[in-house]
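*Asks:* Numbered by the working numbering, the letters in the sequence shown go through residues 31 to 621 in order. Next up is a structure, given as C-alpha cells.
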Amino acid sequence: MLSKPSHRPRTVAVPAIAVVAATLLCSCSAGAGKGGGDDPAPKETAPLTAALGTAKDSTGPAPAIDGAREGGTIHIANPTGYAHLDPQKIYAGETYNTSLLWGRQLTQYQVVDGKPTLVGDLATDTGTSSDGGRTWTYRLKDGVAWEDGKPVTAQQVKYGIQRTFAPGFELGPTYWPEWLTGSPDRTAAVKKYGGPKDGDLDAIETPDDKTIVFHFPKPQADVPYMAAQSSSSPVREDKDTGTGYDIKPLATGPYRIVEHRQNQHLTLERNPHWKPETDSIRHQYADRFEFTFGKKALNTSQEILAGRGDGASSVTTRADLPPELFRETERDPAKRKLVVSGRQGAYVNDLYIKNSRVTDPEVRKAIAYLFPRQQARQVMGGPRAGEFATTLSSPAVVGWKKYDLFPAPPTGDIAKAKEHLAKAEKPVTKLTYAYESDPVQDRLAQVLVDAFDKAGITLVTKPLDPASFTHQVFRGPAPYDLWLSTNSVDWPTPSTLLPDGYHSKLDALSNGIRYNNPAVDKELERIEKIGDARQKAAALIDLEQVVMKDAPVVPFLYPHVSQVRGENIGGAFIHPIYGSISAAWLYRADS
Numbered sequence: 031m032l033s034k035p036s037h038r039p040r041t042v043a044v045p046a047i048a049v050v051a052a053t054l055l056c057s058c059s060a061g062a063g064k065g066g067g068d069d070p071a072p073k074e075t076a077p078l079t080a081a082l083g084t085a086k087d088s089t090g091p092a093p094a095i096d097g098a099r100e101g102g103t104i105h106i107a108n109p110t111g112y113a114h115l116d117p118q119k120i121y122a123g124e125t126y127n128t129s130l131l132w133g134r135q136l137t138q139y140q141v142v143d144g145k146p147t148l149v150g151d152l153a154t155d156t157g158t159s160s161d162g163g164r165t166w167t168y169r170l171k172d173g174v175a176w177e178d179g180k181p182v183t184a185q186q187v188k189y190g191i192q193r194t195f196a197p198g199f200e201l202g203p204t205y206w207p208e209w210l211t212g213s214p215d216r217t218a219a220v221k222k223y224g225g226p227k228d229g230d231l232d233a234i235e236t237p238d239d240k241t242i243v244f245h246f247p248k249p250q251a252d253v254p255y256m257a258a259q260s261s262s263s264p265v266r267e268d269k270d271t272g273t274g275y276d277i278k279p280l281a282t283g284p285y286r287i288v289e290h291r292q293n294q295h296l297t298l299e300r301n302p303h304w305k306p307e308t309d310s311i312r313h314q315y316a317d318r319f320e321f322t323f324g325k326k327a328l329n330t331s332q333e334i335l336a337g338r339g340d341g342a343s344s345v346t347t348r349a350d351l352p353p354e355l356f357r358e359t360e361r362d363p364a365k366r367k368l369v370v371s372g373r374q375g376a377y378v379n380d381l382y383i384k385n386s387r388v389t390d391p392e393v394r395k396a397i398a399y400l401f402p403r404q405q406a407r408q409v410m411g412g413p414r415a416g417e418f419a420t421t422l423s424s425p426a427v428v429g430w431k432k433y434d435l436f437p438a439p440p441t442g443d444i445a446k447a448k449e450h451l452a453k454a455e456k457p458v459t460k461l462t463y464a465y466e467s468d469p470v471q472d473r474l475a476q477v478l479v480d481a482f483d484k485a486g487i488t489l490v491t492k493p494l495d496p497a498s499f500t501h502q503v504f505r506g507p508a509p510y511d512l513w514l515s516t517n518s519v520d521w522p523t524p525s526t527l528l529p530d531g532y533h534s535k536l537d538a539l540s541n542g543i544r545y546n547n548p549a550v551d552k553e554l555e556r557i558e559k560i561g562d563a564r565q566k567a568a569a570l571i572d573l574e575q576v577v578m579k580d581a582p583v584v585p586f587l588y589p590h591v592s593q594v595r596g597e598n599i600g601g602a603f604i605h606p607i608y609g610s611i612s613a614a615w616l617y618r619a620d621s
C-alpha cells in the first residue's frame with residue numbers, strides 16, 4: 031500500500047481456482063530492460079489473466095529477466111523507514127513487496143512481463159484442499175535454508191503462524207487467528223488460543239518436517255492467497271528476539287539484513303544459503319541493497335532524475351513522483367523514461383458517505399451525481415492520479431464486472447442531483463466533509479464546496495490533523511457526513527471487501543460508513559458457507575451491485591502510482607499486487 035488508507039489497512043491479491051480471470055493491471059514489465067516507459071501518465075490498461083500456478087510453475091529458478099546483469103549495489107532512497115520488519119506484523123503493500131528480498135512465505139506471486147501468477151514459494155505448490163475446503167495441506171520444498179544454513183521446517187512455519195495470536199501482533203493480518211479458530215474477530219480468537227505461550231495449536235498439524243496441515247472449522251476458499259501474506263513466514267523459535275525481531279528478522283530469501291537502524295538506513299547483502307533452484311520468484315542479481323531514510327521525496331526524485339550522487343543507481347519505493355516534477359518529466363524525454371507507472375494494486379478511491387447520518391438513499395444518489403470527479407482529479411495531479419471509477423471493487427479483483435449505476439459526466443450532473451434531492455423525505459441543506467489537511471486536500475475541499483453549492487447544499491469542511499483523522503472519523507460520535515478514503519482487498523478476490531466492510535455487525539473501524547442492509551447481511555452469511563472459490567467469488571461480485579444500489583459510497587478513482595528509478599537501474603516495474611516498484615526484480619544495468 032503506497033497511499034495510506036484512512037481505515038484498517040488492506041493489501042491486495044485471486045481465489046483457489048485452477049485458472050482464474052482477473053484484471054490485474056500494470057503498465058510496465060519485469061523484463062523491461064531499464065524499466066519505465068515513454069509516457070509516465072497513466073492510461074487505461076488492458077486486463078491481464080492471473081493464473082493459479084502449478085507445481086511446475088513453483089519450481090525454481092525464477093524466469094530470467096531479459097538483459098539482466100549481476101553485481102553492483104542498488105540504492106533505495108525513501109522518505110520514511112519501516113515500522114515493522116517482523117513478518118507477522120507487516121500489513122502494508124510496499125513493506126510486503128520489499129520484504130521479498132529477505133523473507134519467503136508458503137506461496138507468493140511470480141511476475142513475468144507484468145503478469146502475476148500465484149505459485150508455491152516455500153511450498154511445492156499452492157496447496158491441496160479437502161473436506162470441502164476445511165483442510166489444506168502444504169509440503170515444503172527441499173533445500174530451503176535460513177541464512178545460517180539450517181533447514182526451514184514445517185514446525186517453524188507453524189511457530190510463525192502461532193505468533194499471530196500473541197500479544198503485540200494485533201496490528202498484523204488477523205486471518206490465521208480468525209480462520210483457524212472459527213472466530214468472528216481476533217479478540218474472540220485469542221480467547222481460545224493465546225499464541226506460543228499456550229503450547230501447540232491443534233488446528234495446525236506437522237506430521238513431519240516437510241508437511242503442514244491446516245484444519246479450519248469453516249470452509250476457506252482463499253487459503254492459497256492468504257498464505258502469500260507475510261504472516262505465513264516461518265520463524266525460528268531460537269531466533270525469536272521479541273521486539274528485536276522487528277529490526278532484524280532472520281532471512282530465508284536471496285538477501286540477508288546486515289545492519290538496520292530504524293529511520294536511518296538498512297543494508298542487505300547476498301544470502302549465501304539461498305538456492306535459486308528452490309525459488310521460482312526472486313533473483314539475486316545485485317550484490318547489495320543500501321536503503322536510506324529521511325530525505326524528502328522531492329529532493330530524492332530530483333537527484334535520481336538528474337543522476338546526481340548515487341541517483342543513477344537509485345530508486346524510490348515508498349514515495350510517488352512529486353507533483354512539482356510532473357511537467358519537467360513530461361517535457362524531457364530522458365527523464366520521462368525514468369518514471370515507472372502502473373495501477374496501484376486493487377485500490378479504489380471513494381467519497382465515503384456515513385449512512386447512519388445521511389440515511390436517505392435519494393440524498394446519497396444525489397451526491398453520486400453531483401460529485402465532480404474531473405475537477406477533483408485535476409487538483410490531485412490530473413490523469414496521472416488514476417482512472418475514473420464507477421464500481422465499488424477494483425478491476426484487479428477476480429470476476430470484476432464493469433457497471434455504472436449512477437452515470438454522470440466527469441464534471442457531475444447537477445440537474446440529476448437536484449431531481450434526487452427533490453425525492454428526499456426531508457430537505458437537505460447542509461452536510462459536513464472531513465479531510466486530512468494539506469495544501470492539495472485544502473484545494474480539493476474547495477472544489478467539493480463549489481459543486482455541492484450548485485445543488486443547493488452548504489458543505490461545511492472540517493480539516494483534521496492527519497495523525498488523528500482515523501480516530502476522529504471512525505470512532506465515537508464522529509459528526510461527519512462525508513470523507514475521501516481508499517478501499518482495497520487483502521488479495522484480489524472479492525472475499526475481503528463486502529464481508530469485511532459492509533456487514534452491519536462490524537465495528538466502526540471496519541464498517542466506517544455504518545452501512546446497514548439486513549438483506550445484504552443475510553446474503554453475506556450465506557456466501558460465507560460456500561467452499562468453492564469460483565462460486566463464492568461470483569456470488570460476492572453479484573452482491574456488489576445490490577449494495578451499490580443503496581449508494582453507500584461514490585467511487586472516484588482506480589488510483590495509479592508513479593515512481594522514479596535511476597538511469598542505471600533495470601527491471602523496475604510497479605508490482606501488480608503490491609502497487610510499488612518491486613526491489614526483488616531489480617538489477618544494475620551498468621554492471
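Think of the CB as a built atom: it goes at the ideal place given N, C-alpha and C, for glycine as much as any other residue. All values derive from a computational prediction rather than experimental measurement.
1) Rounded to the nearest angstrom, what separates K492 and Y465 at their Cα positions?
2) Q138 by DSSP, collapsed to three states: which one?
3) Just to confirm before moving on: does the CB-CB distance between P254 and L82 stay below 9 Å?
4) Find the nearest neighbour of L536 within the set K86, F504, S262, L231, judged by alpha-carbon distance.
5) Output the boundary residues of the beta strand (DSSP E) element that contains T359.
6) Would you kindly check if the distance between the Cβ of K566 and the Cβ of Y258 is under 9 Å?
7) From S88 to D309, what distance separates their C-alpha atoms?
8) Any contact of the region 201-219 with the region 173-185, i.e. 3+ C-beta pairs under 8 Å?
9) Where V576 and Y532 are concerned, what is the direct C-alpha to C-alpha distance, given to the nearest angstrom?
10) With a 10 Å radius around its C-beta and 16 neighbouring C-beta atoms as the bar for buried, classify Q294 as buried or exposed.
11) Report buried or exposed for H450, applying the criterion of at least 16 other Cβ atoms within 10 angstroms of its Cβ.
12) I'd like the span of the beta strand (DSSP E) that includes L296, first residue to last.
13) Using 8 Å as the cut-off, can you tell me whether the region 513-526 makes contact with the region 544-555, which would need three or more C-beta pairs spanning the two stretches below that distance?
14) Identify which residue in S213, Q471, L478 has its Cα closest to the Cα of L494.
15) Does the separation of the CB atoms of T241 and T167 fall below 9 Å?
16) Using the DSSP secondary-structure output, state which residues sit across from R318 in a beta bridge.
17) Who are P585's beta bridge partners in DSSP?
18) Using the three-state DSSP reduction, which class does T110 fall into: helix, strand or coil?
19) Are the region 88-98 and the region 226-243 in contact at 8 Å, needing three or more beta carbon pairs?
20) Return the first residue and the last residue of the beta strand (DSSP E) that L512 is part of.
21) How is the beta strand (DSSP E) around H245 delimited, first residue to last?
22) Could you name the residues of the same chain whose beta carbon sits closer than 7 Å to that of V458, not counting the 5 residues immediately before and after it, in chain order?
23) Excluding sequence positions up to five away, which residues of its chain have a Cβ less than 8 Å from the Cβ of E267?
24) With C-beta atoms as the reference, is L298 less than 9 Å away from R318?
25) What is the C-beta distance between E177 and R286, in whole angstroms, given that I count them as a contact (C-beta under 8 Å)?
26) Going by the CB atoms, is the gap between N127 and G609 shorter than 9 Å?
27) Can you give the beta carbon distance from L170 to L148, rounded, assuming they're within the 8 Å contact cut?
*Replies:* Walking through what the data contain:
1) Working through the sequence shown from its first residue, we reach residue 492 at position 462. Working through the sequence shown from its first residue, we reach residue 465 at position 435. Taking the straight line from one Cα to the other gives about 6 Å.
2) Numbered from its first residue, the sequence shown carries residue 138 at position 108. Correct three-state label for Q138: strand.
3) Locating residue 254 in the sequence shown gives position 224, where the first residue counts as 1. Locating residue 82 in the sequence shown gives position 52, where the first residue counts as 1. It is a contact, given that the beta carbons lie within the stated cut-off.
4) The count along the sequence shown starts at 1 and reaches residue 536 at position 506. Answer by Cα proximity: F504.
5) Within the sequence shown, residue 359 is the residue found at index 329, counting from 1. Careful: T359 lies outside any beta strand (DSSP E), inside the alpha helix (DSSP H) at 356-361.
6) In the sequence shown, counting from the first residue as 1, residue 258 sits at position 228. In the sequence shown, counting from the first residue as 1, residue 566 sits at position 536. The sequence as given places Ala at residue 258; Tyr does not occur at that position. In this structure, K566 does not lie closer than 9 Å to A258 by Cβ.
7) On the sequence shown, residue 88 is found 58 positions in, with the first residue counted as 1. On the sequence shown, residue 309 is found 279 positions in, with the first residue counted as 1. Roughly 8 Å between the two C-alpha positions.
8) no
9) Reading the sequence shown from its first residue, position 546 is the one you call residue 576. Reading the sequence shown from its first residue, position 502 is the one you call residue 532. Each residue's alpha carbon lies about 12 Å from the other.
10) The sequence position of residue 294 within the sequence shown is 264, counting from 1. Counting Cβ neighbours within 10 Å, Q294 comes out exposed, since fewer than 16 surround it.
11) Residue mapping note: residue 450 aligns to position 420 of the sequence shown, counting from 1. By the neighbour-count rule (16 or more Cβ atoms within 10 Å), H450 is buried.
12) As a working note, residue 296 is residue 266 in the sequence shown. L296 -> beta strand (DSSP E) spans 295-300.
13) These segments do not touch.
14) For this step, residue 494 is matched to residue 464 along the sequence shown. Here the closest residue by C-alpha is Q471.
15) In the sequence shown, counting from the first residue as 1, residue 241 sits at position 211. In the sequence shown, counting from the first residue as 1, residue 167 sits at position 137. Yes, they are a contact pair.
16) In the sequence shown, counting from the first residue as 1, residue 318 sits at position 288. T103, E299, per the DSSP bridge assignment.
17) The count along the sequence shown starts at 1 and reaches residue 585 at position 555. Its beta-bridge partners are D380.
18) Residue numbering aside, residue 110 sits at position 80 when the sequence shown is read from its first letter. Residue state, collapsed to three classes: coil.
19) no
20) Taking the first residue of the sequence shown as 1, we reach residue 512 at position 482. Bounds of the beta strand (DSSP E) holding L512 are 512-517.
21) Here residue 245 refers to the residue found at position 215 of the sequence shown. Run containing H245: 241-245, per the beta strand (DSSP E) assignment.
22) By 1-based counting over the sequence shown, the position of residue 458 is 428. So the list reads V393, L451, I487, once near-sequence residues are dropped.
23) Residue 267 sits at position 237 when you count from the first residue of the sequence shown. Apart from sequence neighbours up to five positions away, the residues of its chain that approach E267 with a beta-carbon distance below 8 Å are Q186, Y189, P226, ordered along the chain.
24) Start at 1 with the first residue of the sequence shown, and residue 298 comes out as number 268. Start at 1 with the first residue of the sequence shown, and residue 318 comes out as number 288. Judged by beta-carbon spacing, R318 lies within the 9 Å limit of L298, meaning their Cβ atoms are closer than that value.
25) As a first step, residue 177 is located in the sequence shown; it is residue number 147 there, counting from the start. As a first step, residue 286 is located in the sequence shown; it is residue number 256 there, counting from the start. Confirmed, about 4 Å.
26) Residue 609 sits at position 579 when you count from the first residue of the sequence shown. Residue 127 sits at position 97 when you count from the first residue of the sequence shown. A contact, by the Cβ cut-off of 9 Å.
27) Translated into positions along the sequence shown, residue 170 becomes position 140. Translated into positions along the sequence shown, residue 148 becomes position 118. No, L170 and L148 are not in contact; Cβ-Cβ is about 17 Å, not under 8 Å.
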